[in-house]
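Comments concern the structure below.
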């Protein structure tokens, strides 16, 4: 309930910083094909399409996304609703990482977002970097901060990130044992 109450004021703050004062970028490429960003408004979708975005991971619980505009531009959306100021579930991260990688392998650009592009979406992106860019949590965090300086600086400390890293380590150990 608290996240819903402060949704509009915090969205307004993000708009002020990102679109009015331009202190923060609304979105940033963290890789050649993956973008982490804030809440896309309907009028942002044409620019996203021009950037080659063909897929979106929406981590917002409070916002379904500009679906009509996505349909118009042929953009596929995966929605993994996560309450603001909380981390995505392990299942949501696994689904998001798989969706991102599926589209990257097809040569598509992928936009991963939450309201501000700092927490929920950055958590999914960090886990994708760990899984598919051979980074540990701290390296992925450092990489994210170098590309998008205002992501939360404590993402590797999130329980779900530790769980995801553990699943990656377990699968690596299993592959090594099979070799």
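Residue numbers (my numbering): 262 to 440.
Every residue gets a Cβ at the ideal spot worked out from N, C-alpha and C, and that includes glycine.
Quick caveat, the model's predicted, so the values are computed rather than measured.
For my contact list, residue 312 and residue 424 are in at a C-beta cut-off of 8 Å; report their separation, rounded to the angstrom.
Incorrect: roughly 32 Å between the Cβ atoms, too far for contact.
Which of helix, strand or coil does DSSP assign to residue 328?
Residue 328: helix per DSSP, three-state reduction.
Residues of its chain near residue 333, where Cβ-Cβ distance is below 8 Å and the 5 sequence neighbours each way are ignored
Excluding positions up to five away in sequence, the list reads 306.
Along the chain, where does the beta strand (DSSP E) containing residue 320 start, and where does it finish?
For residue 320, the enclosing beta strand (DSSP E) covers residues 314-321.
Whether or not the segment 368-384 and the segment 289-298 are in contact is what I'm after, with contact meaning three or more pairs of Cβ atoms, one per stretch, closer than 8 Å; do they touch?
Using a Cβ-Cβ distance cut-off of 8 Å, the segment 289-298 and the segment 368-384 are in contact, since at least three pairs of beta carbons, one from each stretch, lie closer than that value.
Which residue comes first and which comes last in the alpha helix (DSSP H) that contains residue 361?
Annotation: the continuous alpha helix (DSSP H) that includes residue 361 extends over 351-366.
For residue 398, report the span of its alpha helix (DSSP H) as first-last.
Per DSSP, residue 398 belongs to the alpha helix (DSSP H) from 398-408.
So, using beta-carbon positions, are residue 294 and residue 318 closer together than 9 Å?
With contacts defined as CB atoms closer than 9 Å, residue 294 and residue 318 fail to qualify as a contacting pair.
What three-state label does DSSP hand residue 338 in the structure shown?
In the displayed model, residue 338 falls within a strand according to three-state DSSP.
So for residue 290, helix, strand or coil by DSSP?
The three-state secondary structure of residue 290, taken from DSSP, is strand.
Given this structure, state the Cα-to-Cα distance separating residue 302 from residue 414, to the nearest angstrom.
Those two C-alpha atoms are separated by around 26 Å.
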